[in-house]
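1 is the number of the first residue of the sequence shown in full-length UniProt numbering; add one for each residue after it.
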Amino acid sequence: MKKIVLAIFLITITTSIFALDIQSKEIMINKNKVHYYQVNNSKSNLNLIMLTGIGTTANFWPKDFIDILSQKYNLYILDYRSLNTDQNGDDLNYSIKSLSEDTNAFIKKLKLKNLYILGWSMGGAVAEQTLFDNTNTFKQAFLISPAVPLDNNPGLPQKLSETPDLKNPRQIYNFVFDNNLYDYNPKNLESEVNRFINPDIANLFPNNNIYTKQKKSISQWVKNKNNLDNFINLNIPTTIFLAKNDKILNPKDTQKTIALIKNKSFINIINFDKSGHAIDWDQSLKLANIINNLA
Numbered sequence: 001m002k003k004i005v006l007a008i009f010l011i012t013i014t015t016s017i018f019a020l021d022i023q024s025k026e027i028m029i030n031k032n033k034v035h036y037y038q039v040n041n042s043k044s045n046l047n048l049i050m051l052t053g054i055g056t057t058a059n060f061w062p063k064d065f066i067d068i069l070s071q072k073y074n075l076y077i078l079d080y081r082s083l084n085t086d087q088n089g090d091d092l093n094y095s096i097k098s099l100s101e102d103t104n105a106f107i108k109k110l111k112l113k114n115l116y117i118l119g120w121s122m123g124g125a126v127a128e129q130t131l132f133d134n135t136n137t138f139k140q141a142f143l144i145s146p147a148v149p150l151d152n153n154p155g156l157p158q159k160l161s162e163t164p165d166l167k168n169p170r171q172i173y174n175f176v177f178d179n180n181l182y183d184y185n186p187k188n189l190e191s192e193v194n195r196f197i198n199p200d201i202a203n204l205f206p207n208n209n210i211y212t213k214q215k216k217s218i219s220q221w222v223k224n225k226n227n228l229d230n231f232i233n234l235n236i237p238t239t240i241f242l243a244k245n246d247k248i249l250n251p252k253d254t255q256k257t258i259a260l261i262k263n264k265s266f267i268n269i270i271n272f273d274k275s276g277h278a279i280d281w282d283q284s285l286k287l288a289n290i291i292n293n294l295a
């Protein structure tokens, strides 16, 4: 997921966001700049925090998924510290703990109530740590293909260890979609790119330095036995969505950890056939409607 300066972008793109009134905002949290998108629903008092995956920014969420969720919730789609701001994040800490502290501080600063939290991939780990530290704040959690603490000594997933030589935007997009989507066909590249909140490469991915820090942080977090203990003692309603065709994380490893949870009444597992790691891309309508109906 290299960040490449765009010279010529050969794909026609659009940054229109359906009929959504999506607001781009910035706030100071823990002495760092945090960018986020806000989508208001005047008929709802339910608030959903959304946390994205490793090597991506808030722009990575598909607009059709956002559109459906906004019919139920007020959305707060967070970037991680410094991303999509003018702050240089190269010297910042990107541990899962620090990102969860930002999330809880964001909630406190905006005085949000009636809270739900959604995390995808690494964002699942950030959501879990946020719950560990502040359980009583949330009504329910939704975890999409989440990183979870593991009862072994896992290495970095093979796909995250790859360092392909990607020379242009088309190669970057195809690489990312092939890793995250089920049965991806490059012929669909243009239509898939148009689903991003903002498809500009410079706004979709953190730089390599931050991405490397994220990989180190998630590797350390999943190995931490205290995190495993906190996870198996979860006491908040949590729905975990797993993709049977995930090429990033092994859903069987995730299920082994889930099986250790002591109070099974809090846990709901929903498996998706014919979906890759990014279930919100492969099955946006189905996933969003399930999340809406669970609230």
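All C-beta atoms in this analysis are idealised placements derived from N, C-alpha and C, irrespective of residue type, glycine included.
Straight-line gap, residue i to residue j (C-alpha atoms, nearest Å)
i      : j      : result
Asp165 : Gln87  : 27 angstroms
Asn152 : Thr52  : 25 angstroms
Thr137 : Gln171 : 42 angstroms
Asn32  : Tyr116 : 24 angstroms
Val5   : Lys187 : In this predicted model, Val5 has a pLDDT of only 34, less than 50, meaning its place in the structure is not dependable; the value taken from the coordinates is given anyway. The alpha-carbon atoms of Val5 and Lys187 are separated by roughly 24 angstroms.
Lys262 : Leu189 : 43 angstroms
Ile66  : Gly124 : 17 angstroms
Tyr184 : Lys286 : 18 angstroms
Ser44  : Gln23  : 17 angstroms
Asn174 : Glu192 : 10 angstroms
Asn134 : Leu48  : 15 angstroms
Lys216 : Lys247 : 19 angstroms
Glu26  : Phe177 : 28 angstroms
Ile107 : Ala127 : 13 angstroms
Lys213 : Thr85  : 18 angstroms
Ser42  : Thr163 : 45 angstroms
Lys264 : Trp120 : 21 angstroms
Thr254 : Phe196 : 27 angstroms
Asn194 : Phe132 : 36 angstroms
Pair within 8 angstroms by beta-carbon distance, residue i and residue j
i      : j      : result
Trp221 : Asn227 : yes
Ile201 : Ala147 : no
Ile68  : Asn293 : no
Pro149 : Asn93  : no
Leu249 : Ser100 : no
Pro251 : Ala259 : no
Met50  : Leu110 : no
Asn168 : Thr130 : no
Thr57  : Pro206 : yes
Phe272 : Phe241 : yes
Gly89  : Ser82  : yes
Gly55  : Tyr211 : yes
Asn203 : Asp102 : no
Boundaries (first-last residue) of the beta strand (DSSP E) holding residue i
i      : result
Asn271 : 267-272
Ala141 : 138-144
Leu99  : Looking at the DSSP string, Leu99 is not in any beta strand (DSSP E); the run it does join, the alpha helix (DSSP H), is 96-110.
Ile49  : 47-51
Leu189 : Run containing Leu189: none in the beta strand (DSSP E); it sits in the alpha helix (DSSP H), 189-193.
Ile77  : 74-78
Near the ligand GTP: residue i beta-carbon under 7 angstroms from a heavy atom
i     : result
Thr85 : The ligand GTP is not part of this structure, which contains no ligands at all.
Residue interval of the alpha helix (DSSP H) (run including residue i)
i      : result
Ser217 : 208-223
Phe132 : 122-134
Tyr173 : 169-180
Asn245 : It is not in any alpha helix (DSSP H) - Asn245 carries neither H nor E in the DSSP assignment.
Ile68  : 63-69
Asn293 : 284-294
Asn59  : Counting along the chain, Asn59 falls outside any alpha helix (DSSP H), and DSSP gives it neither H nor E.
Asn201 : Note on residue identity: the sequence assigns Ile, not Asn, to residue 201. Where Ile201 is concerned, the enclosing alpha helix (DSSP H) stretches over 201-204.
Lys252 : 251-258
According to DSSP, residues forming a beta bridge with residue i
i      : result
Gln23  : Gln38
Lys33  : Met28
Gly119 : Leu51, Leu143
Phe196 : Pro62
Chain C contact for residue i (CB, 8 angstroms cutoff)
i      : result
Leu260 : Of the protein chains in this structure there is only one, and it is not chain C.
Could you check whether the region 276-283 touches the region 60-72, counting it as contact only if at least three pairs of C-beta atoms, one from each stretch, sit closer than 8 angstroms?
Yes, the region 276-283 is in contact with the region 60-72.
Examine the Cβ distances between the region 68-86 and the region 30-42 and report whether three or more of them are shorter than 8 angstroms.
Under the three-pair Cβ rule at 8 angstroms, the region 68-86 counts as touching the region 30-42.
Sufficient close CB pairs (3 or more, under 8 angstroms) joining the region 235-242 to the region 124-142
With a cut-off of 8 angstroms, the region 124-142 and the region 235-242 count as touching, because enough Cβ pairs lie within range.
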